[in-house]
Ligand SMILES: [Zn+2]
């Protein structure tokens, strides 16, 4: 990309009014990275193809070991550093090369591993609207959780703010293009699980959108 193209691209990103991060329900995104957010850089990514713009948001859950929260095992997994002997259940997964763009922990804090402008390896064999390989055109967000333990309100709030921020930056992620992993890989995956409250999430999206637009 030439310098001229780059400046054009950044100008077009600035067409929408930038919000004050102190007061708005938005997170700033620069060069594919959330600003003022913890970063743990993972090598488990690949480059996006220009003909595959980001048009889908996939919501997942993960906990390591399953059902236990806190600690650094999820980050270790996404960074390829999970110790196979740290827990009996890790032996089978320690060698996996998997990642997500972000994790939202139980307290609502975010860790970003992969630039949104690159592909994370979260969806696996998957299909959305007859299009396969969802990693090619999606962003993957992990909630620290399980299919059957209710998520924390802080996670719903942060997920909603993150989603609105992503929608502002990647406008092809319409509300109809926000799905669970279970929706794009129904025979293999169940996350984010039956406890994920889609109507609450969608209500928060609407509320926060109104708040920001009124500012
Ligand atoms: Zn998943």
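In the numbering used here, the protein residues as written are 10 to 224. For every residue, glycine included, the Cβ atom is placed at its ideal position computed from N, Cα and C.
- Short note on residue 39: C-beta not closer than 7 Å to any heavy atom of ligand 1.
- Around the C-beta of residue 50, fewer than 16 other C-beta atoms lie within 10 Å, and the residue is accordingly described as exposed.
- Sixteen is the threshold: since fewer than 16 other Cβ atoms of the shown chains lie within 10 Å of the Cβ of residue 208, the residue is exposed.
- Non-local C-beta neighbours of residue 114 in its own chain, meaning closer than 6 Å and more than five positions away in sequence, comprise 153, ordered along the chain.
- For the pair residue 172 and residue 112, the CB atoms are not nearer than the 8 Å cut-off.
- At a threshold of 7 Å, residue 198 counts as near ligand 1, since its beta carbon sits closer than that to one of the ligand's heavy atoms.
- Residue range 162 to 178 is occupied by the alpha helix (DSSP H) that includes residue 169, with no beta strand (DSSP E) assigned at that position.
- Of the other Cβ atoms in all chains shown, fewer than 16 fall within 10 Å of the Cβ of residue 197; this residue is therefore exposed.
- Between ligand 1 and residue 110, a heavy atom-to-CB distance of less than 7 Å is absent.
- Pairing residue 186 with residue 71, the inter-Cα distance amounts to about 21 Å.
- If you check the CB distance, residue 34 and residue 170 come in under 8 Å.
- Note that the C-beta distance between residue 84 and residue 120 is below 8 Å.
- At a Cβ-Cβ threshold of 8 Å, residue 174 and residue 42 do not count as neighbours.
- Non-local C-beta neighbours of residue 110 in its own chain, meaning closer than 7 Å and more than five positions away in sequence, comprise 121, 122, 123, 125, 129, 148, 149 and 150, ordered along the chain.
- A Cβ-Cβ separation of about 7 Å places residue 86 in contact with residue 107 under the 8 Å criterion.
- DSSP, reduced to helix, strand and coil, places residue 213 within a helical segment of the structure shown.
- The Cβ atoms of residue 216 and residue 145 lie no closer than 8 Å to each other.
- Sequence-distant partners of residue 73 (beyond 5 residues in either direction) whose C-beta falls short of 7 Å from its own C-beta, in its chain, are 82, 83 and 86.
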